[in-house]
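*Asks:*
Number of protein chains: 2
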Amino acid sequence: MQRRANMRSHEPRSSSSCAACKFLKRKCTPKCQFAPYFRSEEPKKFAKVHKVFGASNVSKILNEVPEDQRDDTVNSLVYEAEVRLRDPIYGCIGAIASLHQKMVELQYDLILARTRLASYVDLYLDDRGSTMMAPIEIPEANRFHF
Amino acid sequence: MQRRANMRSHEPRSSSSCAACKFLKRKCTPKCQFAPYFRSEEPKKFAKVHKVFGASNVSKILNEVPEDQRDDTVNSLVYEAEVRLRDPIYGCIGAIASLHQKMVELQYDLILARTRLASYVDLYLDDRGSTMMAPIEIPEANRFHF
Numbered sequence: 001m002q003r004r005a006n007m008r009s010h011e012p013r014s015s016s017s018c019a020a021c022k023f024l025k026r027k028c029t030p031k032c033q034f035a036p037y038f039r040s041e042e043p044k045k046f047a048k049v050h051k052v053f054g055a056s057n058v059s060k061i062l063n064e065v066p067e068d069q070r071d072d073t074v075n076s077l078v079y080e081a082e083v084r085l086r087d088p089i090y091g092c093i094g095a096i097a098s099l100h101q102k103m104v105e106l107q108y109d110l111i112l113a114r115t116r117l118a119s120y121v122d123l124y125l126d127d128r129g130s131t132m133m134a135p136i137e138i139p140e141a142n143r144f145h146f
Numbered sequence: 001m002q003r004r005a006n007m008r009s010h011e012p013r014s015s016s017s018c019a020a021c022k023f024l025k026r027k028c029t030p031k032c033q034f035a036p037y038f039r040s041e042e043p044k045k046f047a048k049v050h051k052v053f054g055a056s057n058v059s060k061i062l063n064e065v066p067e068d069q070r071d072d073t074v075n076s077l078v079y080e081a082e083v084r085l086r087d088p089i090y091g092c093i094g095a096i097a098s099l100h101q102k103m104v105e106l107q108y109d110l111i112l113a114r115t116r117l118a119s120y121v122d123l124y125l126d127d128r129g130s131t132m133m134a135p136i137e138i139p140e141a142n143r144f145h146f
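In structure tokens, the structure reads:
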């Protein structure tokens, strides 16, 4: 009873099957595992994860994670499925590779800017023979090891 | 015959089933779609993609992409499956979010370094009243819009 009461807030109206059950052409019960995350008004959401992961694998993954993290899990599965459907060859790996490349470029630009900054600080201080502006510490660049 | 001849270079020895057919407990034929990418000596590779995507979905995805890109497709599916098995809640989205956060930090550091550099260049040139070093152009930071 407690479980049913907890689930009620997420449930679609009892008169309406969830998007997963509609897609799978099966009866949607009050204990339906998919109902809280695949509402009847979002049919494409389930269709996408079904096409990439399959209903059975989505169910297994949901069973593996705590209930309060299933919303995040479904969202990440839907996002991953959308990316795979757009890019069947690379999927999310394409996005990761692109971000990684952008990071390498930023790291290079940052090192260049800091090196030039250090040169100008030295020049400026040498020239004035003073410390009107305190020397700037050049910290290690934020490195990401892929 | 041409198709068989093309596939032969990728085929495992005829005496050995590929990892997918071993896993699925079925006969591995010379036309097996999985054999070129899931060799018998790498059983875990297929087990991972099967657990996350299912054999049927992997097969459908492979059918959608050109033959010369199926190696990359399998590699990205295996990587994605490994990440999802390590992190069932966020999968690759966790890696993307982490990279994105790192990029935002790098962009901030780069803007800071370039702003400081511009200040020192101005100070140095004002002080000397010369252009011993050419002014440094501050280009737009590499922005990534997520």
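Taken in sequence, the protein lines are chains W and F.
So the first sequence is numbered by the UniProt record's numbering: it starts at 1 and just counts up by one.
So the second sequence is numbered by the UniProt record's numbering: it starts at 1 and just counts up by one.
We put the CB at the ideal spot given by N, CA and C, even for glycine.
Please read these numbers as outputs of a predicted model, since none were measured by experiment.
Just verifying my parser: in three-state terms, what is the DSSP assignment at W/Val65?
*Replies:* As a first step, residue 65 of chain W must be located in the first sequence, where it is residue number 65. Coil at W/Val65, not helix or strand.
*Asks:* Helix, strand or coil: how does DSSP classify W/Pro43 here?
*Replies:* Within the first sequence, numbered from 1, the residue matching residue 43 of chain W stands at position 43. W/Pro43 falls in the helix class under three-state DSSP.
*Asks:* So what does DSSP say about W/Phe38, is it helix, strand or coil?
*Replies:* On the first sequence, position 38 is the one that residue 38 of chain W refers to. The answer is coil: DSSP assigns W/Phe38 none of H, G, I, E or B.
*Asks:* Assuming W/Phe23 contacts W/Phe46 (C-beta within less than 8 Å), just tell me the rounded distance between them.
*Replies:* Counting from 1 along the first sequence, the entry for residue 23 of chain W is found at position 23. Counting from 1 along the first sequence, the entry for residue 46 of chain W is found at position 46. At roughly 5 Å, the Cβ-Cβ gap stays under 8 Å, so W/Phe23 and W/Phe46 are in contact.
*Asks:* Taking the alpha carbon of W/Ala55 as the reference point, which residue from W/Ile93, W/Phe38 and W/Tyr124 has its own alpha carbon closest?
*Replies:* Looking up residue 55 of chain W in the first sequence gives position 55. Ranking the options by Cα distance to W/Ala55, first place goes to W/Phe38.
*Asks:* Anything in the region 63-75 of chain W with a Cβ closer than 7 Å to a Cβ of chain F? List those residues in chain order, please.
*Replies:* Residues passing the 7 Å Cβ filter: Glu64, Val65, Gln69, Asp72 and Thr73.
*Asks:* Return the Cβ separation of W/Ser59 and W/Gln33 in integer angstroms, given the expectation that the two are a contact with Cβ distance under 8 Å.
*Replies:* Locating residue 59 of chain W in the first sequence gives position 59, where the first residue counts as 1. Locating residue 33 of chain W in the first sequence gives position 33, where the first residue counts as 1. Contact holds; Cβ gap of about 6 Å.
*Asks:* Are the beta-carbon atoms belonging to F/Leu117 and W/Arg116 less than 9 Å from one another?
*Replies:* Numbered from its first residue, the second sequence carries residue 117 of chain F at position 117. Numbered from its first residue, the first sequence carries residue 116 of chain W at position 116. Cβ distance < 9 Å, so F/Leu117 and W/Arg116 count as in contact.
*Asks:* Look up W/Asp122 in the DSSP assignment and say whether it is helix, strand or coil.
*Replies:* Residue mapping note: residue 122 of chain W aligns to position 122 of the first sequence, counting from 1. In this structure, W/Asp122 counts as helix in the three-state DSSP scheme.
*Asks:* Got a sec, what are the start and stop residues for the alpha helix (DSSP H) F/Ser17 sits in?
*Replies:* By 1-based counting over the second sequence, the position of residue 17 of chain F is 17. No alpha helix (DSSP H) holds F/Ser17; DSSP gives it neither H nor E.
*Asks:* Less than 9 Å separating the beta-carbons of W/Ala81 and F/Ile96?
*Replies:* Here residue 81 of chain W is taken as the residue at index 81 of the first sequence, counted from 1. Here residue 96 of chain F is taken as the residue at index 96 of the second sequence, counted from 1. No; because the gap between Cβ atoms is not below 9 Å, this pair is not in contact.
*Asks:* If the cut is a Cβ gap below 7 Å, which residues of chain F does W/Val52 touch?
*Replies:* Taking the first residue of the first sequence as position 1, residue 52 of chain W is located at position 52. Near W/Val52 (Cβ distances below 7 Å), the residues of chain F are Phe53 and Asn57.
*Asks:* For F/Arg70, which residues in the same chain have their Cβ closer than 6 Å to its Cβ, ignoring the five residues on either side in sequence?
*Replies:* As a first step, residue 70 of chain F must be located in the second sequence, where it is residue number 70. Leu62, listed in sequence order.
*Asks:* Classify F/Thr73: buried if its beta carbon has 16 or more other beta carbons within 10 angstroms, exposed otherwise.
*Replies:* Counting from one through the second sequence, the residue named residue 73 of chain F turns up at place 73. Counting Cβ neighbours within 10 Å, F/Thr73 comes out buried, since at least 16 surround it.
*Asks:* What first and last residue would you give for the alpha helix (DSSP H) that runs through F/Arg70?
*Replies:* By one-based count along the second sequence, residue 70 of chain F stands at place 70. Counting along the chain, the alpha helix (DSSP H) containing F/Arg70 begins and ends at Arg70 to Arg86.
*Asks:* What separation, rounded to the nearest whole angstrom, lies between the Cα atoms of F/Lys51 and F/Ser76?
*Replies:* Taking the first residue of the second sequence as position 1, residue 51 of chain F is located at position 51. Taking the first residue of the second sequence as position 1, residue 76 of chain F is located at position 76. Their backbone Cα atoms lie some 15 Å apart in a straight line.
*Asks:* I'd like to know if F/Glu80 contacts chain W, where contact means its C-beta is closer than 9 Å to some C-beta of that chain.
*Replies:* Residue mapping note: residue 80 of chain F aligns to position 80 of the second sequence, counting from 1. It does: the Cβ of F/Glu80 has a partner Cβ on chain W nearer than 9 Å.
*Asks:* Could you tell me the distance, in whole angstroms, from the CA atom of W/Leu125 to the CA atom of W/Arg84?
*Replies:* As a working mapping, residue 125 of chain W is identified with position 125 in the first sequence. As a working mapping, residue 84 of chain W is identified with position 84 in the first sequence. Those two C-alpha atoms are separated by around 55 Å.
*Asks:* So that I know if they touch, is there some Cβ in chain W lying closer than 9 Å to that of F/Ala47?
*Replies:* On the second sequence, position 47 is the one that residue 47 of chain F refers to. So no, F/Ala47 is outside the interface.
*Asks:* Could you tell me whether any Cβ in chain W is nearer than 9 Å to the Cβ of F/Lys60?
*Replies:* Start at 1 with the first residue of the second sequence, and residue 60 of chain F comes out as number 60. So yes, F/Lys60 belongs to the interface.
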